[in-house]
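*Asks:* Following full-length UniProt numbering, the numbering of the sequence shown begins with 1 at its first residue and continues without gaps.
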Amino acid sequence: MDIERINENTVKFYISYIDIEKRGFSRDEIWFNRDKSEELFWEMMDEINDESDFEVEGPLWIQVHAMDKGLEVTVTRAQINRDGKKVDSPFEMDEKGQYFSNMSESSSDAQSYDEYGGLFTDSNEPQSEFTFLVNDFEDLIPLAKRIDLPSYVSTSLFAYKERYYLYVKADAELMNDEEIENMVSILSEYTSGSTVTVHRMKEYGKEIMADEVFEQIIKYFS
């Protein structure tokens, strides 16, 4: 894998399909299987962090060029506006740079994989799943007292690499964009957005609370 550090917030790397297969992944898996494609992505990001000291914290913009013999991937740490609600894409509009939650195929000259269900699936649908880093478990207590989530929003709490992570999943069909934005805004006052996926936490971390995190915190800690 070839790695190029573009600037403080951006890194570009190229990985051939041969290298992908040597790592134990097939082409079909990286396009069709989201869990496998995310596993490959994080394996590559861990390697990039070791070689280029590019730490992944907060949301990311991912741009992928599907080439004849491999993938060219540009990863940029997103710049959050002061209101915490908008993320400015570093790519031109016609390049379709995608936000982390879907990490989509996104170049204007790349082959289309819109119908696939892997890491590079199209991301026109609104984001409904979020992971938050909890800096201090005690921060969850005032958050639990303040936030009032509807029944169609599920929550889980994980311990991963000696840190706590809150996973929140909303039903996008029952919750409009404004409601989701308001929910995320409140959560972000007490936690930090994270790029760690729920699949990674389930495989390598420990599930502390499987559901109704805030109800349990109020019951046992407030």
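By construction, the Cβ of each residue, glycine as well, lies at the ideal position given by its N, Cα and C atoms.
Output the distance between the C-alpha atoms of residue 74 and residue 51, rounded to the nearest integer angstrom.
*Replies:* Spanning the two alpha carbons is a distance of roughly 16 Å.
*Asks:* Do residue 153 and residue 168 have their C-beta atoms within less than 8 Å of each other?
*Replies:* Cβ distance < 8 Å, so residue 153 and residue 168 count as in contact.
*Asks:* Among the candidates 163, 78, 158, whose CA atom is the shortest distance from the CA of residue 207?
*Replies:* Answer by Cα proximity: 158.
*Asks:* Quick check: the Cα distance between residue 213 and residue 38, rounded to an integer number of angstroms?
*Replies:* Between residue 213 and residue 38, the C-alpha separation is close to 25 Å.
*Asks:* If we count the other Cβ atoms within 10 Å of its Cβ and call it buried at 16 or more, is residue 210 buried or exposed?
*Replies:* When all chains shown are included, residue 210 counts as exposed.
*Asks:* Have a look at residue 155 and residue 204 and give me their C-alpha separation to the nearest angstrom.
*Replies:* Cα to Cα, the separation comes out at about 18 Å.
*Asks:* Run through DSSP, which three-state label would residue 185 get?
*Replies:* The answer is helix: DSSP assigns residue 185 an H, G or I state.
*Asks:* Please state the DSSP three-state secondary structure of residue 213.
*Replies:* Helix, per DSSP.
*Asks:* What residues match up with residue 199 in a beta bridge as DSSP calls it?
*Replies:* Note: residue 199 sits in no beta bridge, so no partner.
*Asks:* Please name the residue or residues paired with residue 206 in a DSSP beta bridge.
*Replies:* Answer is 159.
*Asks:* To the nearest angstrom, report how far apart residue 30 and residue 36 are at their CA atoms.
*Replies:* Whole-angstrom Cα-Cα distance: 6 Å.
*Asks:* On the premise that residue 48 lies in contact with residue 11, defined as a C-beta separation below 8 Å, what is that separation, rounded to the nearest angstrom?
*Replies:* Indeed, because the Cβ distance is near 6 Å, the residues count as touching under 8 Å.
*Asks:* Where residue 146 and residue 8 are concerned, what is the direct C-alpha to C-alpha distance, given to the nearest angstrom?
*Replies:* Spanning the two alpha carbons is a distance of roughly 36 Å.
*Asks:* Looking only at its own chain, which residues have a Cβ that is under 8 Å from the Cβ of residue 19, when we skip the five neighbours before and after it?
*Replies:* Only 1, 70 meet the Cβ criterion.
*Asks:* Could you tell me the distance, in whole angstroms, from the CA atom of residue 26 to the CA atom of residue 16?
*Replies:* Cα to Cα, the separation comes out at about 12 Å.
*Asks:* Count the other CB atoms within 10 Å of the CB of residue 174; is the residue buried (16 or more) or exposed (fewer)?
*Replies:* Exposed, by the Cβ-count rule.
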